[in-house]
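To keep things clear, I will list the structure first and then write my remarks on it.
Number of protein chains: 2
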Amino acid sequence: MKHLSWDTTRREKIHDCKIFDVYEVDRTSYDGSRGTFIQIEAPDWVTVIPMTQDALGNQCFMMVRQYRHGNQAVTTEFPAGTVEPGEPPLQAALRELLEETGCRPATITKIGAVSPNPAFLTNTVTYYVAEGMEMIQAQELDEHEIIDVELVPVNEVLHSMGTGTYSNGIMVAAMAFYQRWRGLVADEES
Amino acid sequence: MKHLSWDTTRREKIHDCKIFDVYEVDRTSYDGSRGTFIQIEAPDWVTVIPMTQDALGNQCFMMVRQYRHGNQAVTTEFPAGTVEPGEPPLQAALRELLEETGCRPATITKIGAVSPNPAFLTNTVTYYVAEGMEMIQAQELDEHEIIDVELVPVNEVLHSMGTGTYSNGIMVAAMAFYQRWRGLVADEES
Numbered sequence: 000m001k002h003l004s005w006d007t008t009r010r011e012k013i014h015d016c017k018i019f020d021v022y023e024v025d026r027t028s029y030d031g032s033r034g035t036f037i038q039i040e041a042p043d044w045v046t047v048i049p050m051t052q053d054a055l056g057n058q059c060f061m062m063v064r065q066y067r068h069g070n071q072a073v074t075t076e077f078p079a080g081t082v083e084p085g086e087p088p089l090q091a092a093l094r095e096l097l098e099e100t101g102c103r104p105a106t107i108t109k110i111g112a113v114s115p116n117p118a119f120l121t122n123t124v125t126y127y128v129a130e131g132m133e134m135i136q137a138q139e140l141d142e143h144e145i146i147d148v149e150l151v152p153v154n155e156v157l158h159s160m161g162t163g164t165y166s167n168g169i170m171v172a173a174m175a176f177y178q179r180w181r182g183l184v185a186d187e188e189s
Numbered sequence: 000m001k002h003l004s005w006d007t008t009r010r011e012k013i014h015d016c017k018i019f020d021v022y023e024v025d026r027t028s029y030d031g032s033r034g035t036f037i038q039i040e041a042p043d044w045v046t047v048i049p050m051t052q053d054a055l056g057n058q059c060f061m062m063v064r065q066y067r068h069g070n071q072a073v074t075t076e077f078p079a080g081t082v083e084p085g086e087p088p089l090q091a092a093l094r095e096l097l098e099e100t101g102c103r104p105a106t107i108t109k110i111g112a113v114s115p116n117p118a119f120l121t122n123t124v125t126y127y128v129a130e131g132m133e134m135i136q137a138q139e140l141d142e143h144e145i146i147d148v149e150l151v152p153v154n155e156v157l158h159s160m161g162t163g164t165y166s167n168g169i170m171v172a173a174m175a176f177y178q179r180w181r182g183l184v185a186d187e188e189s
């Protein structure tokens, strides 16, 4: 796929935003075109899908509700956060889950990883499923985090995603990986 | 959900990156906390899932391969792009599909919409399915776009997402909406 690739000829930080850095990059393509592109260097992220059951025995997710400063709205989504420098992603997943919900899972399984936005983000988001949730402590939130935890039936999330507070694209991608891992998706027939 | 919400007290553009603007925003929470947050104001995006069949009658997607300047890799994903100022998203979807593949669909259907990254992006991405693809012209690419078009069986995308060139999170979210719209996902049993 060499004819699609570009070589970097300059890379310069043009803004430091604390949660990420903005770079300007010059690149040349295989056919000799030159262009300047924006790149946002962000730390890797993790998203954890905590499986549990409600009092009626319905298969549920433990989800978090919080205000999101990008779209200026409250979202209902999966516990998630940033991987610290040198921290293994699995460790970050367990840490974020504990901080946001107070729970430790019996097992945690990686179910997928993607570039959340390869057009300009450098980073990777890794998705996990957590099973056997046990509450072991109170929430331990970062400054400026205000998070409600609630159990939502899996089927409600499937039917609601893309509407109301189920508006986070990272959560919808998590659903695609969850459904595949859980064996809920049928192949297309020829 | 008032206790989760924040009020904006200052909003200042701190960088203009051509494809988006970076803002710094001061907000106060319901309980009186104050914080400064980063917001990236980007135009809305559209993603189109073009359905077609290959010579063997397999249900396929018409996908695009291109170099992505964020993750510095070639991705295989759905035709997608930016909504122009004042342009209806449906129009943008048809335009991007035509530019990247040379095709016009018989029907196009909205299947979902999300905030691609509500933590810091202001915008919305709307997902469409296009059926009855007819090639009516050559590709009409923007400067610096080098795009290969290829047919990929739906089942291959389902099984490959998150690996190799199937690494775009926006594409994986599109798969979740596609599978729901197409009736391929079973409910969880209680």
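The listed protein sequences derive, respectively, from chains A and B. First residue of the first sequence? That's 0 in numbering that gives the first Met the number 0, and the numbers climb one at a time after it. First residue of the second sequence? That's 0 in numbering that gives the first Met the number 0, and the numbers climb one at a time after it. From the three backbone atoms N, C-alpha and C, an ideal C-beta is built for every residue, glycine too.
Length of the line joining the Cα atoms of residue i and residue j
i                : j                : result
Leu140 (chain B) : Gly182 (chain A) : 39 Å
Ala185 (chain B) : Val184 (chain A) : 6 Å
Met174 (chain A) : Pro49 (chain A)  : 12 Å
Tyr165 (chain A) : Thr75 (chain A)  : 5 Å
Gly161 (chain B) : Asn167 (chain B) : 8 Å
Ile110 (chain A) : Met134 (chain A) : 23 Å
Cys16 (chain B)  : Gly34 (chain A)  : 14 Å
Ile107 (chain A) : Thr123 (chain A) : 18 Å
Leu55 (chain A)  : Leu150 (chain A) : 12 Å
Tyr126 (chain B) : Gln58 (chain B)  : 19 Å
Ile146 (chain A) : His2 (chain B)   : 10 Å
Gln136 (chain A) : Tyr177 (chain B) : 39 Å
Gln90 (chain B)  : Gln90 (chain A)  : 44 Å
Leu97 (chain A)  : Thr51 (chain A)  : 15 Å
Tyr29 (chain B)  : Glu144 (chain A) : 12 Å
Asp53 (chain A)  : His14 (chain B)  : 47 Å
Pro88 (chain B)  : Pro88 (chain A)  : 36 Å
Ser159 (chain B) : Val148 (chain B) : 18 Å
Met0 (chain B)   : Gly163 (chain A) : 13 Å
Glu155 (chain A) : Glu155 (chain B) : 27 Å
Ala172 (chain A) : Pro84 (chain B)  : 27 Å
Among the options, the one whose alpha carbon lies nearest that of residue i
i                : options                                 : result
Lys12 (chain A)  : A:Tyr22, A:Ser4 and A:Met134            : A:Tyr22
Thr27 (chain A)  : A:Asp43, A:Asp147 and A:Thr7            : A:Thr7
Ser32 (chain A)  : B:Val148, B:Glu142 and B:Asn122         : B:Glu142
Glu86 (chain B)  : B:Gln138, B:Glu144, B:Pro42 and B:Ser4  : B:Pro42
Arg10 (chain A)  : A:Lys17, A:His2, A:Phe36 and A:Lys1     : A:Phe36
Phe19 (chain A)  : B:Asp25, B:Phe119, B:His2 and B:Leu3    : B:Phe119
Tyr66 (chain B)  : A:Asp15, A:Gln52, A:Ala72 and A:Thr121  : A:Thr121
Val73 (chain B)  : A:Thr125, A:Tyr177, A:Trp5 and A:Leu150 : A:Trp5
Cys102 (chain A) : A:Pro88, A:Met62, A:Pro84 and A:Gln71   : A:Met62
Asp25 (chain A)  : B:Gln90, B:Gln52 and B:Gln71            : B:Gln71
Distance CB(residue i)-CB(residue j) smaller than 8 Å
i                : j                : result
Val153 (chain B) : Phe77 (chain B)  : no
Ala79 (chain B)  : Val47 (chain B)  : yes
Tyr157 (chain B) : Arg179 (chain A) : What sits at residue 157 (chain B) in the sequence shown is Leu, not Tyr. Contact flag set, yes.
Val45 (chain A)  : Val82 (chain A)  : yes
Gly131 (chain B) : Ala92 (chain B)  : no
Gln138 (chain B) : Glu99 (chain B)  : yes
Chain A contact residues for residue i, given Cβ-Cβ distances below 9 Å
i                : result
Val153 (chain B) : Asp186 and Glu187
Gly34 (chain B)  : His68, Glu142 and His143
Assigned exposure category for residue i - 16 Cβ within 10 Å defines buried
i                : result
Met170 (chain B) : buried
Ile39 (chain B)  : buried
Glu187 (chain B) : buried
His68 (chain B)  : buried
Pro117 (chain B) : buried
Pro115 (chain A) : buried
Per-residue contacts from residue i into chain B (C-beta, under 9 Å)
i                : result
Trp180 (chain A) : Within 9 Å Cβ-Cβ: nothing; Trp180 (chain A) doesn't reach chain B, min ~10 Å.
Val148 (chain A) : Under the 9 Å cutoff, chain B gives no residues; its nearest Cβ is about 12 Å from Val148 (chain A).
Leu157 (chain A) : Ala175, Arg179, Val184, Asp186 and Glu187
Met0 (chain A)   : Arg64, Tyr66, Val73, Asp147 and Thr164
Val124 (chain A) : Gly168
Residue i: contacting residues in chain A (beta-carbon distance under 7 Å)
i                : result
Ala112 (chain B) : Gly161
Met174 (chain B) : Ala175
Within chain B, partners of residue i - CB distance below 7 Å
i                : result
Pro115 (chain A) : Asn116 and Gly168
Tyr127 (chain A) : Going along chain B, no residue has its Cβ under 7 Å from Tyr127 (chain A), so there is no contact; the nearest lies around 13 Å.
Val21 (chain A)  : His14, Cys16 and Val21
Gln65 (chain A)  : Leu3
Contact set between residue i and chain A, taken where Cβ atoms lie within less than 8 Å
i               : result
Asp43 (chain B) : Within chain A, no residue comes near Asp43 (chain B); the closest Cβ sits about 11 Å away, beyond 8 Å.
Lys17 (chain B) : Ile37
Gly69 (chain B) : Gln38, Ile39, Ser114, Asn116, Pro117, Ala118, Phe119, Leu120 and Thr121
Val82 (chain B) : None at all; the shortest Cβ gap to chain A is about 14 Å.
Cross-chain neighbours of residue i in chain B, by beta carbon under 8 Å
i                : result
Ala105 (chain A) : The contacting residues do not exist; Ala105 (chain A) stays about 19 Å from chain B at best.
Arg26 (chain A)  : His68
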